[in-house]
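J.: Residue numbers (the numbering used here), protein chains in the order written: chain L, 343 to 515; chain C, 343 to 515.
There are 2 protein chains.
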Amino acid sequence: MTDTKERPTGGVRLLKIQEAAAEVGLTARSVRYYEEMGLMRPAARSEGDYRLYDESDLERLRFIKGLRDDAGFSLAEISRLLEDEEARERYHAAYHATADPVERIRLLRERVASFERQAQTLRTKINRLAAMVDDTEARRLRSLARIAEIEAASADLEHAYPAQPEPGVTTNP
Amino acid sequence: MTDTKERPTGGVRLLKIQEAAAEVGLTARSVRYYEEMGLMRPAARSEGDYRLYDESDLERLRFIKGLRDDAGFSLAEISRLLEDEEARERYHAAYHATADPVERIRLLRERVASFERQAQTLRTKINRLAAMVDDTEARRLRSLARIAEIEAASADLEHAYPAQPEPGVTTNP
DNA sequence: CCCAACCTTGCCGTTTACGTGAAAGTATGG
DNA sequence: CCATACTTTCACGTAAACGGCAAGGTTGGG
């Protein structure tokens, strides 16, 4: 009775746009906008044309949000990254359209390559960020070295200031 | 040394806005905009009010560009991150204004803390990206497992044809 | 001294990624 | 059956991050 959908949703509960948006931490407007931009489309529409989202839609939305918030990708870049994911959608259709193991494996390999490209794009970003961290770290160490210098020089002149000697400069790891 | 500038530029060559922008891979417009947004200001101005940039300005611009392009931070976020860096500017002024080692060390520790916050912000971002990579990796591995399954089934049932996919036939790869 | 090439501020235009109604249809507890 | 909340599409509004032009000033080589 509840199976008026085209995509195999497995009969699970479908969420309306606000429920779905709240679930993944977006606004309904954003979700509609992503659809408008071709980043996704809901699993189904209700009788009255309400957008209905399934779990895989939520995953996709979470992925988009992650790329946007965490990675800072633009929707255009995300779109490119998701083209690979869309190959996955096509794969789903094609996969179930064939029973030929050879064809299925070809599709799966395509999917694997898609994941590899995605991971590689993310790793490139990680590496650049890591380089910035290293840079910051180096500057931090230089400052620490300067502190040690001054403290050493200060220790020499300690007789001028009868202040309490500093505890060891042991920076704990 | 006779220094006609306010900030200690060390007498090195100062670049005009387009030279500076080209050097770090930005447009002059962006550089002006960053100044307008309070992210930075040139080391000096020429007689005719031309903006003049020194090496530390270039470093700062590179840092901004890095945060913008690589990390995908908004200028507002960058501004917050750079407030710490601005403490560094103040530190520079204050540092040279005092000869008191205790005060100098206090300023240096502030600087170190600033770098730590910067690094931490970046590491947080890295961790989130790493989580996404892990996710992608997991999905890739699942696809590889499916390939192995199909290949195994295909080898077993060489004389038959696969009617329906039977889960649980996880043969060791 | 002159002129091309750069710079200045000011201001308006544009793209991205939505926010915010408006007008009309849909779902649902009472 | 009705009120209320949510949904639809369409449309305009907006903040961020610049691009581009105008009108005028500055630089620097010839």
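Ideal Cβ positions, reconstructed from N, Cα and C, are used throughout, including at glycine.
1. Have a look at L:Ser372, L:Tyr392, L:Arg448, L:Tyr375 and flag the residue whose alpha-carbon is nearest the alpha-carbon of L:Leu357.
2. Roughly how many whole angstroms lie between the Cα atoms of L:Gln360 and L:Gly367?
3. Tell me whether L:Tyr376 is buried or exposed, calling it buried when 16 or more other Cβ atoms sit within 10 Å of its Cβ.
4. Give the straight-line distance between the Cα atoms of L:Val475 and C:Thr478, rounded to the nearest whole angstrom.
5. If I'm right that C:Asp498 touches L:Arg470 with Cβ under 8 Å, what's the distance once you round it to whole angstroms?
6. Excluding the 5 residues flanking L:Leu464 on each side, which residues of the same chain have their C-beta closer than 8 Å to its C-beta?
7. Using three-state DSSP, classify L:Arg516 as helix, strand or coil.
8. Can you list the residues of chain L that C:Val366 reaches, using a CB-CB cut of under 7 Å?
9. What did DSSP end up calling C:Arg383 once you bin it into helix, strand or coil?
10. Please state the DSSP three-state secondary structure of C:Leu368.
11. Within the segment 403-427 of chain L, note down every full beta strand (DSSP E) run reaching 3 residues or more, in order along the chain.
12. In terms of alpha-carbon separation, which member of L:Leu403, L:Ile406, L:Pro384 lies closest to L:Leu394?
13. In terms of alpha-carbon separation, which member of L:Ala480, L:Arg451, L:Val454 lies closest to C:Gln460?
14. Could you name the residues of the segment 446-466 of chain C whose beta carbon sits closer than 8 Å to any beta carbon of chain L, in the order they occur along the chain?
15. Which residues in the same chain as L:Ser421 place their Cβ atom closer than 8 Å to its Cβ, once the five residues preceding and following it in sequence are excluded?
16. If you draw a straight line from the C-alpha of C:Ala416 to the C-alpha of C:Leu449, how long is it?
17. How many angstroms separate the CA atom of L:Arg387 from the CA atom of L:Ala364?
18. Can you have a look at L:Gly408 and say buried or exposed, based on whether 16 or more other CB atoms are within 10 angstroms of its CB?
19. Does any residue of chain L bring its CB to less than 8 Å from the CB of C:Glu361?
20. With a CB to CB cut of under 6 Å and the five nearest residues on each side skipped, what residues in its chain are close to C:Ser496?
21. Can you pull out the residues from the segment 413-426 of chain L whose beta carbon lies closer than 8 Å to at least one beta carbon of chain C?
22. Please classify L:Tyr392: does DSSP put it in a helix, a strand, or coil?
23. For a contact defined as C-beta to C-beta under 9 Å, what are the partners of C:Arg525 on chain L?
24. Run through the DSSP bridge pairs and tell me what L:Leu471 is partnered with.
25. Across which residues does DSSP place L:Leu357 in a beta bridge pair?
26. Have a look at C:Ala319 and C:Arg404 and give me their C-alpha separation to the nearest angstrom.
27. Quick check on L:Met474 - is its C-beta less than 8 Å from some C-beta in chain C?
28. Can you name the residues of chain L whose CB is closer than 7 Å to the CB of C:Leu486?
29. To the nearest whole angstrom, what separates the beta carbons of C:Val454 and L:Ser485, a pair I think is in contact under 8 Å?
30. Determine the burial state of C:Val354: buried for a count of at least 16 other Cβ atoms within 10 Å of its Cβ, exposed for fewer.
31. Is there a Cβ of chain L sitting closer than 8 Å to that of C:Thr478, yes or no?
32. Quick one: which chain L residues come within Cβ less than 7 Å of C:Arg481?
33. Which residues in chain C have a C-beta closer than 7 Å to the C-beta of L:Ser496? List them in chain order.
34. In whole angstroms, what separates the C-alpha of L:Pro443 from that of C:Ile492?
35. Could you check the C-alpha separation between L:Leu424 and C:Ile468 for me, to the nearest Å?
T.: On the basis of the coordinates in this document:
1. In the first sequence, counting from the first residue as 1, residue 357 of chain L sits at position 15. For the residues L:Ser372, L:Tyr392, L:Arg448, L:Tyr375, the minimum Cα distance to L:Leu357 belongs to L:Tyr392.
2. What you label residue 360 of chain L is simply residue 18 of the first sequence in a count that begins at 1. What you label residue 367 of chain L is simply residue 25 of the first sequence in a count that begins at 1. Going by the C-alpha atoms only, they are around 10 Å apart.
3. As a working mapping, residue 376 of chain L is identified with position 34 in the first sequence. The residue is buried, with at least 16 neighbouring Cβ atoms inside 10 Å.
4. Looking up residue 475 of chain L in the first sequence gives position 133. Looking up residue 478 of chain C in the second sequence gives position 136. Their Cα atoms are separated by approximately 24 Å.
5. Counting from one through the second sequence, the residue named residue 498 of chain C turns up at place 156. Counting from one through the first sequence, the residue named residue 470 of chain L turns up at place 128. C:Asp498 to L:Arg470, Cβ: 47 Å. No contact.
6. Translated into the one-based positions of the first sequence, residue 464 of chain L becomes position 122. Excluding five sequence positions before and after L:Leu464, the CB atoms of its chain that fall closer than 8 Å to its own CB belong to Ala413, given in chain order.
7. A query on residue 516 of chain L cannot be resolved here, the shown segment of chain L reaching from 343 to 515 and no further.
8. By 1-based counting over the second sequence, the position of residue 366 of chain C is 24. Within 7 Å Cβ-Cβ: nothing; C:Val366 doesn't reach chain L, min ~15 Å.
9. The count along the second sequence starts at 1 and reaches residue 383 of chain C at position 41. Three-state DSSP puts C:Arg383 in coil, outside helix and strand.
10. Within the second sequence, the letter at position 26 stands for residue 368 of chain C. Three-state result, C:Leu368: coil.
11. Fully enclosed beta strand (DSSP E) runs of 3 or longer: not present.
12. Here residue 394 of chain L is taken as the residue at index 52 of the first sequence, counted from 1. Comparing Cα-Cα distances from L:Leu394 to each of L:Leu403, L:Ile406, L:Pro384, the minimum goes to L:Pro384.
13. On the second sequence, position 118 is the one that residue 460 of chain C refers to. The residue with the shortest Cα to Cα distance from C:Gln460 is L:Ala480.
14. Here the close residues are Arg446, Ile447, Leu450, Arg451, Arg453, Val454, Phe457, Glu458, Gln460, Ala461, Leu464, Arg465.
15. As a first step, residue 421 of chain L must be located in the first sequence, where it is residue number 79. These residues qualify, in order along the chain: Met379, Gly380, Leu381.
16. In the second sequence, counting from the first residue as 1, residue 416 of chain C sits at position 74. In the second sequence, counting from the first residue as 1, residue 449 of chain C sits at position 107. Checking the sequence, you will find Ser at residue 416 of chain C rather than Ala. The straight-line gap separating the alpha-carbon atoms of C:Ser416 and C:Leu449 is approximately 28 Å.
17. The residue labelled residue 387 of chain L in the question sits at position 45 within the first sequence. The residue labelled residue 364 of chain L in the question sits at position 22 within the first sequence. Near 19 Å, if we compare the C-alpha coordinates of L:Ala364 and L:Arg387.
18. To locate residue 408 of chain L, count along the first sequence from 1; it is residue 66. Answer is buried; the Cβ neighbour count reaches 16.
19. Position 19 of the second sequence, counted from the first residue, corresponds to residue 361 of chain C. So, not an interface residue.
20. The residue given as residue 496 of chain C occupies position 154 in the second sequence. None.
21. Here the close residues are Ala413, Gly414, Phe415.
22. If you number the first sequence from 1, residue 392 of chain L lands on position 50. Coil at L:Tyr392, not helix or strand.
23. Residue 525 of chain C cannot be examined here, being either before or after the span of chain C that is shown, 343 to 515.
24. Against the first sequence, residue 471 of chain L aligns to sequence position 129. BP columns for L:Leu471 are empty, so no partner.
25. Taking the first sequence and counting its residues from 1, the one referred to as residue 357 of chain L is at position 15. Per DSSP, L:Tyr395.
26. Given that chain C is displayed from residue 343 to residue 515, the structure contains no residue 319 of chain C and the question cannot be resolved.
27. On the first sequence, position 132 is the one that residue 474 of chain L refers to. Yes, contact with chain C.
28. Within the second sequence, residue 486 of chain C is the residue found at index 144, counting from 1. Here the neighbours are Val454.
29. In the second sequence, the residue the question calls residue 454 of chain C occupies position 112. In the first sequence, the residue the question calls residue 485 of chain L occupies position 143. With a beta-carbon spacing of about 5 Å, C:Val454 and L:Ser485 fall inside the 8 Å limit used to define contacts.
30. For the purposes of this step, residue 354 of chain C is taken as the residue at position 12 of the second sequence. Label assigned to C:Val354: exposed.
31. Against the second sequence, residue 478 of chain C aligns to sequence position 136. Taking Cβ atoms only, chain L reaches closer than 8 Å to C:Thr478, which makes this a yes.
32. Looking up residue 481 of chain C in the second sequence gives position 139. Those within 7 Å of C:Arg481 in chain L are Phe457.
33. Locating residue 496 of chain L in the first sequence gives position 154, where the first residue counts as 1. Ordered by position in chain C, the residues that pass the 7 Å Cβ test against L:Ser496 are Pro443.
34. Mapped onto the first sequence, residue 443 of chain L falls at position 101. Mapped onto the second sequence, residue 492 of chain C falls at position 150. One Cα belongs to L:Pro443, the other to C:Ile492, and the distance between them is close to 6 Å.
35. As a working mapping, residue 424 of chain L is identified with position 82 in the first sequence. As a working mapping, residue 468 of chain C is identified with position 126 in the second sequence. Rounded to the nearest whole angstrom, the C-alpha separation of L:Leu424 and C:Ile468 is 21 Å.
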